[in-house]
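One structure is given here, and the rest of the page talks about it.
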Amino acid sequence: MMFLDDRKKMILHAIIDDYISTAEPIGSRSVSKRHELGLSSATIRNEMSDLEEMGYLIQPHTSAGRIPSDKGYRFYVDQLMKTCELTVDEINAMKSEMETKINELSQLLRKASATISRFTKYTSMASLPESKKSVLKAVQVVPIEKGSALVVVVTNAGIVKNTLIKIPETVSPDFLIRVSNIINEKLCGLTLEKINIEVIREIEILIGSPQEVLMPVLNGVTECINQIDQAEVYLEGTANILNHPEFKDIGKAREFLNMIDTKNVLILLLKNMRETNADGVSIRIGRENVIEEMWDCSVITATYSLGRVVVGTIGIIGPMRMEYARVLAALNYVRKKINEEIAKIIGFDTNYKELTSDSNITKGGLKDSNGEKG
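According to our numbering, the sequence shown holds residues 494 to 867 in order.
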C-alpha cells in the first residue's frame, strides 16, 4: 500500500494551493515554475501520476492537468493547510459590523451571517437555538391604545417575539400589568417544552378574569411561543456561488439554489453537523455531505454558545475549491464575536422601554400607576 511521503505531500500541497487560486487544472510544468521544490518537471509528473492512482488527484477529460479529489481536499485540510492570520484591517472591518447596537439574537445572527458572507464571498447560513430547550425569561403585555395591546415574549437566548392583540376598550393598563406579572410568575424559568395547556389553565384560574379579556392575552402569549418554536435559518449571499466557475453550468446552479431555498434541508444539515461535532468547527467536503445537491460543495460550520452550552450554528457553503484557511479564520472570529454579543444581549435588562412611553417596568414584574408591583 502506497503512502504519502514528504515529496508527495509537498507536491499535493502546491497543486491544491494553485488550484484554489486559479480554478484551472494544474500541470507538472506549472508546479515546477511556480514553486521552488528542487524537482524536475518529469519527477513532478511521475509523482502526480502516483497521487492520481492513490485517489488524491483526478484528471478532467479535457485537460492534461490535475485537480484535487474529495480525498485530496480532506488530506489538505487535515494535514497540509497552513493557518491563516486575518489582517488588522480585516478584523476591524468585521468587528465594526458585529458591534452595532443589537438587542436580540435574530438581529445578531443576521448581521453575523451577512458579515461572514461579505468577507468570504460565499453563501452563509446561521441557525437560531433549539427552541424547545429555550427558557422563558420575560412576558410583557404593553397597552398600545384603547382596544389593543402588544404581547412580548423573551427567551434566555435573547429571542424576542411579539404580536398585537385586540382587547375590550374597558381594560385598564393596571389590569394588564397585573396579568403580566402573574404570567411571569407562572411561566418564567420554564423551558418552552414545559409550557402546556395545564400551565395555561392554572394562569386562567389565578387571574379569574372574564374570558373575553383573558383569552386574547393568553392566545397572544401562545402565538409568540409558537413563533419561537419555528426553527429559523438565516441565509446571506445565496447568489455568491454563481460567481465561481464550478457553477457556471445552469443546471448545477439551479439545483444548488433550489436546495438552499428549502429551509428544512438547511435546518437538518446544520443540526447534523452540530451533533457530529458539538463543540467547535466541522468541515464537510464533497460527498461527505449527506445532501446530494451539495456533493460539489464544501460546508464549514462553527457552533456558538450561551454560557457553556452550545445553542446554534453559523456556517459557510462554497465550492470544494474553497479558501479553507481564510474561511476558518473568519468563521472562528465571527463565532467569537457572536458569543461576546450574546453575553451582552442576555445581560441587558429585558425591559424593552422602547415599546412603552414610560419606564414602569422593574426586574421581575411591572409597576402599576401608583408605583406598586401588581
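Heads up, the beta-carbon is just placed ideally off N, CA and C, and yes, glycines get one too.
6 Å CB neighbourhood of residue i in its chain, flanking five on each side removed
i, result
"F841", "Per-residue confidence for F841 stands at a pLDDT of 38, beneath the threshold of 50, marking its modelled position as unreliable; the derived number appears in the next sentence. Contacts found: none."
"I660", "A642 and P709"
"A822", "C577 and L579"
"Y797", "G805, R828, I831 and N832"
"C681", "L629"
"K614", "N733"
"L763", "S620 and T806"
"V774", "A795"
"R479", "Lying outside 494 to 867, the shown extent of the chain, residue 479 is not represented and no answer is given."
"K756", "V726"
"D543", "none"
"P868", "No information on residue 868 is available, as it lies outside the stretch 494 to 867 that the chain covers here."
Residue i vs residue j beta-carbon contact at 9 Å
i, j, result
"M787", "M752", "yes"
"E729", "S620", "no"
"I509", "Y566", "yes"
"T731", "L750", "yes"
"P636", "L669", "yes"
"S525", "S514", "no"
"V653", "S599", "yes"
"L824", "I809", "yes"
"L869", "N585", "Residue numbering for the chain in the displayed model covers 494 to 867; residue 869 lies beyond these limits and cannot be assessed."
"L601", "G651", "yes"
"Q582", "E781", "In the sequence on display, residue 582 carries Asp and not Gln. No, they are not a contact pair."
"K741", "D789", "no"
"T593", "K575", "no"
According to DSSP, residues forming a beta bridge with residue i
i, result
"I658", "A642"
"S620", "V726"
"T515", "DSSP, once it has assigned bridges, lists no residue as partnering T515."
"Q633", "V645"
"I560", "I551"
"T684", "V628"
"V653", "V647"
Terminal residues of the alpha helix (DSSP H) in which residue i lies
i, result
"L579", "Where L579 is concerned, there is no enclosing alpha helix (DSSP H), given that its DSSP letter is neither H nor E."
"T613", "L598 to T613"
"M541", "S534 to E546"
"K526", "S521 to R527"
"L699", "I690 to I700"
Close beta carbons around residue i, own chain, < 8 Å, minus the five adjacent residues each side
i, result
"V570", "I776, I778 and Y817"
"H737", "A516, G811, P812 and R814"
"T715", "I693"
"T608", "M587, E590, M591 and V827"
"N539", "none"
"F568", "L497, L505 and Y549"
"E697", "L707 and L711"
"I512", "Per the sequence shown, the amino acid found at residue 512 is Tyr instead of Ile. So the list reads P518, I519, I560, P561 and R814, once near-sequence residues are dropped."
"N765", "V783"
Beta-carbon contacts of residue i that lie in its chain and below 7 Å, excluding the five residues immediately before and after
i, result
"T843", "Here the model assigns T843 a pLDDT of 32, short of 50, so the residue's position is not dependable and the matter cannot be decided."
"E545", "I551, Q552 and R559"
"V758", "M752 and I784"
"A557", "G520"
"E705", "P661"
"H528", "A507"
"V634", "A642, V644, L669, V672, S673 and V710"
"C717", "V644, V646, K654, N655 and T656"
"V664", "V706"
"I676", "V632, I696 and V714"
First and last residue of the uninterrupted beta strand (DSSP E) at residue i
i, result
"L728", "V726 to E729"
>> Threshold first: 4 residues or longer. Then list the alpha helix (DSSP H) segments lying entirely within the segment 752-833, N to C.
In response: 756-769
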